[in-house]
Amino acid sequence: MYRIKTLNKISSVGLSRLDRDRFQVGSDLENEDGVLVRSAPMHDYEFPESLRAIARAGAGTNNIPIDRCSENGIVVFNTPGANANAVKELVIAAMLVASRDILGGADWVQEQAHTPKVDVAAAVEKGKSAFAGPELYRKTLGVIGLGAIGALVCNIALDLGMDVYGYDPFLSVDAALRLDRHVHVVKDVDELYKVSDYVTLHIPYTGATQDFINAEAIAKMKGQVRVLNLARGGLVNDDDMIAALESGRVAKYVTDFPDDRITTVKNVIALPHLGASTPESEENCAVMAVRQLQDYLLNGNIKNSVNLPNVSQEWSGIARICLIHKNVPAMLTQIMGVLSDDHINVENMTNKSKKDYAYTMVDVNTRITDEVAEELRAIPGMIRVRVLNH
1 MYRIKTLNKI SSVGLSRLDR DRFQVGSDLE NEDGVLVRSA PMHDYEFPES
51 LRAIARAGAG TNNIPIDRCS ENGIVVFNTP GANANAVKEL VIAAMLVASR
101 DILGGADWVQ EQAHTPKVDV AAAVEKGKSA FAGPELYRKT LGVIGLGAIG
151 ALVCNIALDL GMDVYGYDPF LSVDAALRLD RHVHVVKDVD ELYKVSDYVT
201 LHIPYTGATQ DFINAEAIAK MKGQVRVLNL ARGGLVNDDD MIAALESGRV
251 AKYVTDFPDD RITTVKNVIA LPHLGASTPE SEENCAVMAV RQLQDYLLNG
301 NIKNSVNLPN VSQEWSGIAR ICLIHKNVPA MLTQIMGVLS DDHINVENMT
351 NKSKKDYAYT MVDVNTRITD EVAEELRAIP GMIRVRVLNH
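If you read the sequence shown in this note's numbering, its first letter stands for residue 1, the second for the next number, and so on.
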């Protein structure tokens, strides 16, 4: 029986997909085979020898030590697109509250209502102009990152009558096909900055994208631009954003990642990390994470891993060997050599690599003995060997 440890509350809709005859689930398990996590920090997490996979019910994986997982042969999954609609809807709300002072206006009306002897209706008619702002219609939106979320944002902004520019240096064919043909996809982000009334970020947080929006980027934007960050806090340099807000170059900054510094700055709208906080999103993420984790543990198939390539194949033998190894020359030759020397016939094989690591799945027509498994583990550069029986 596989042991699945939960580090956060995971939607019961997702957990119900695990066959309880084959999976034990709990938050206090030891020697776990898999982990289901949302936002719990794992950088100091002690990996047991038994741990084979971590599934993040969400897109971002900066709370997981990816490099350490790869070195230990632990597959890390995420759930791209599962929360895309929730974030898309919040982007629309963020653009609206960044344009028209809806939040400030609502608070002001409450103040009038709780002030003695104030005629609220009369006060509203007299004071409403202080909260006016521009429409989205016929304004230009710049979308940085055209993955599952970015594509949805682009398309719905077109429906709102906006002109839309998109930028993504790693735009895949699948992502491009999701985009409406009226989106202006640019190869230089500076072109997007130059024309956009609104700029929204939908890229992962990495060493390369840290402080993606900084003083240099802001200087290339239109004056009175409105910037939205519902992706990751570290994508925007706080000091540079504060300076831009104080100078008026940035009219409003909406962030879903408040901290002690940025939250109190004038013209900052700080949200309590609401991006994927809908019951539908949490269910979608949980179901997707569970399915991917289950398919890997039972069948060795990998889909939506952030540290290993996508590999899957139909069962075609008696046993399946799943090998995580360094992406180095002659590895396949050595693997096939071990199987050939032990007179094991290969029914099917798939091998793919992702940067420094590779994954090989081999279906064979006989049971694999412990001796053969140990021979495979002894190959230089081999990280993990799993044997599954059909």
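By construction, the Cβ of each residue, glycine as well, lies at the ideal position given by its N, Cα and C atoms.
Does the separation of the CB atoms of residue i and residue j fall below 7 Å?
i, j, result
"Y205", "G234", "yes"
"V394", "A373", "Nothing in the structure corresponds to residue 394, since the chain is present only between 1 and 390."
"V362", "M349", "yes"
"E283", "S11", "yes"
"A243", "A57", "no"
"I318", "T366", "yes"
"L42", "N8", "Sequence check: residue 42 is Met here, not Leu. For M42 and N8, no; Cβs fall outside 7 Å."
"G73", "R384", "yes"
"A270", "P258", "yes"
"L230", "L90", "yes"
"V199", "G248", "no"
"A148", "A84", "yes"
"S353", "N389", "no"
"V75", "A53", "yes"
"I213", "V236", "yes"
"T140", "V183", "no"
"V4", "V25", "Inspection of the sequence shows that residue 4 is occupied by Ile rather than by Val. Yes, these two residues count as a Cβ contact at 7 Å."
"V287", "V250", "no"
For residue i, which three-state DSSP category applies?
i, result
"M42", "coil"
"E49", "coil"
"R384", "strand"
"E347", "strand"
"A219", "helix"
"R20", "coil"
"A55", "strand"
"K9", "coil"
"N63", "coil"
"H325", "strand"
"N393", "Beyond the ends of the chain as shown, which are 1 and 390, falls residue 393; an answer cannot be given."
For residue i, count neighbouring Cβ atoms within 10 angstroms of its own Cβ and tell me buried if that reaches 16, exposed if not.
i, result
"V120", "exposed"
"V173", "exposed"
"F23", "buried"
"V118", "exposed"
"R261", "exposed"
"A157", "buried"
"M1", "exposed"
"K187", "exposed"
"K355", "exposed"
"Q294", "buried"
"G207", "exposed"
"G145", "buried"
"Y167", "buried"
"G150", "buried"
"E32", "buried"
For the alpha helix (DSSP H) containing residue i, list its first residue and its last residue.
i, result
"E71", "I66 to E71"
"V192", "Val is not the amino acid found at residue 192; the sequence shown has Leu there. From DSSP, the alpha helix (DSSP H) with L192 extends over V189 to V195."
"I4", "Here I4 belongs to no alpha helix (DSSP H); instead the beta strand (DSSP E) covers Y2 to T6."
"R377", "D370 to R377"
"V236", "Neither: V236 is in no alpha helix (DSSP H) and is coded neither H nor E."
"N85", "A84 to S99"
"L339", "M331 to D341"
"L29", "That residue, L29, is in no alpha helix (DSSP H); it is neither H nor E in DSSP."
"V199", "Per DSSP, V199 belongs to no alpha helix (DSSP H); it is in the beta strand (DSSP E), Y198 to L201."
"L15", "S12 to L15"
Let's see if you can read the secondary structure: which residues bound the beta strand (DSSP E) around residue i?
i, result
"M361", "Y357 to V364"
"G183", "Looking at the sequence itself, residue 183 is Val, so the reference to Gly does not match. Here V183 belongs to no beta strand (DSSP E), and DSSP marks it neither H nor E."
"G34", "G34 to V37"
"L228", "V225 to N229"
"F77", "V75 to F77"
Would residue i count as contacting chain C if we go by Cβ distances under 7 Å?
i, result
"N348", "Among the protein chains of the structure shown there is no chain C, as only one such chain exists."
Closer than 6 Å to a non-hydrogen atom of the ligand FMN - does that hold for the CB of residue i?
i, result
"W108", "No copy of the ligand FMN occurs in the structure displayed, which carries no ligand at all."
Inset, instruction - Could you tell me which uninterrupted beta strand (DSSP E) segments, each at least 3 residues in length, are contained entirely in the segment 101 to 180, listed from first to last along the chain? - result: 140 to 144 and 163 to 167
Inset, instruction - Starting from the N-terminal side, write out each stretch of the beta strand (DSSP E) that is 3 residues or longer and does not extend beyond the segment 239 to 323. - result: 250 to 255 and 268 to 270
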